[in-house]
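If you want my numbering, it's the 1-based position in the sequence shown plus 516.
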Amino acid sequence: MTTATSRGVARVSKAADGALSQTGNIVQLFVDVVRQMFVRPFQWREFIQQAWFIASVTILPTALIAIPFGAIVSMQTGSLIKQLGAESYTGAASVLVVVQQGSPLVTSLLVAGAAGSAVAADLGSRTIREEIDAMEVLGINPIQRLVVPRVLAMVLVAMLLNGLVAVVGIAGGYFFNVIVQHGTPGAYLSSFGALAQLPDLYISTLKAAIFGVIAGVVASYKGLNPKGGPKGVGEAVNQSVVVTFLLLFFANLIITAVFLQIVPPKVG
């Protein structure tokens with residue numbers, strides 16, 4: 517019994533050490549990305565190619581998810597608000613949920629799932645083919661050449677897709693609230709204007725940018741550090757998606773808590 521307990525403690529300790537080590541390595545990679553971001557020449561061609569690729573694989577799924585997402589939020593909040601007898605605030609509740617919480621999370625999850633997995637697979641395949649080692653031998657910094665353009669491309673596309681999700685989600689919520697739930701268009705729009713404020717849009721865009729950085733750095737780290745050949749690349753892709761999702765939800769919790777403390781809610 518004592519031997520089994522000691523083995524269990526040793527495994528937990530080893531897992532904790534590995535998690536802390538990976539966290540430190542990811543933070544170090546983030547610092548290196550920030551440093552190499554200002555090194556010239558900037559890889560504009562790589563940046564444009566990656567931004568176009570990320571947008572091409574995420575824009576259609578993002579738009580398709582935004583429509584039912586906005587509809588679900590609108591119908592759920594509309595039903596709840598009707599029970600409370602505050603139908604005039606349906607538009608404000610639906611739109612604020614979509615803008616503040618929904619659009620950054622939907623965007624970041626799709627960017628992390630589609631683009632992040634592609635980045636991890638690409639860098640992982642380059643690593644096992646020893647292309648990264650060859651670049652370092654030639655004096656080329658792989659972080660400045662490959663990682664920085666990919667991270668910045670994910671940030672740019674995440675911010676643009678965030679606006680797309682917000683617009684499509686609001687339009688879908690408006691349609692379902694007015695057509696399906698027989699709401700009043702004027703009340704929907706007036707309540708939104710009465711309670712919404714510009715900081716809501718600012719925090720949504722900031723969240724999308726931060727989520728893009730997290731997705732890009734984690735995917736790049738996993739892609740640069742695969743273990744076990746081609747099988748390790750597949751495992752690195754799966755790990756990058758799971759780790760990114762966890763970090764995104766924690767980051768969203770912290771950012772939202774800080775925002776609600778700093779920016780007072782607007783009173784209608």
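Ideal placement from N, C-alpha and C gives every residue a C-beta, glycine not left out.
Taking a cut-off of 8 Å for Cβ pairs, the region 654-673 and the region 765-778 do not touch, as fewer than three such pairs fall below it. Taking C-beta atoms as the reference points, T760 and I730 count as a pair closer than 8 Å.
One alpha carbon belongs to D548, the other to I588, and they sit about 41 Å apart. G739 is the residue among S756, I564 and G739 whose C-alpha sits nearest the C-alpha of I659. By the neighbour-count criterion, in which a residue is buried when 16 or more other Cβ atoms sit within 10 angstroms of its Cβ, K743 is exposed. In the three-state reduction of the DSSP assignment, T700 falls in the coil class, being assigned neither a helical nor a strand state.
Annotated three-state conformation of V549 is helix, per DSSP.
Going by C-alpha positions, I564 is about 10 Å away from L672. If you draw a straight line from the Cα of A725 to the Cα of L621, it is about 11 Å long. Between the alpha carbons of A582 and V653 lies a distance of about 46 Å. For A773, the enclosing alpha helix (DSSP H) begins and ends at P746 to I778. Per DSSP, F691 is one residue of the alpha helix (DSSP H) stretching across V664 to F691.
Cα atoms of I686 and M651: separation of roughly 47 Å, rounded to the nearest angstrom. Here D716 has L612, V615 and Q616 as same chain residues with Cβ atoms under 8 Å from its own Cβ, once five neighbours each way along the sequence are excluded. Rounded to whole angstroms, V694 and T700 show a C-alpha spacing of 6 Å. Distance from the CA atom of I644 to the CA atom of V696, rounded to whole angstroms, is 54 Å. The Cβ atoms of I570 and A636 lie no closer than 8 Å to each other. I542 counts as buried, since no fewer than 16 other beta carbons sit within 10 angstroms of its beta carbon. Around the beta carbon of S756, 16 or more other beta carbons sit within 10 angstroms, so the residue counts as buried. Rounded to the nearest angstrom, the gap between the Cα atoms of G748 and A634 is 15 Å.
Between the alpha carbons of I648 and R642 lies a distance of about 6 Å.
Look at Q559 here: in three-state DSSP terms it is coil, with no helix or strand label.
Cα atoms of S736 and L763: separation of roughly 15 Å, rounded to the nearest angstrom.
Secondary structure of K723 (DSSP, three-state): helix.
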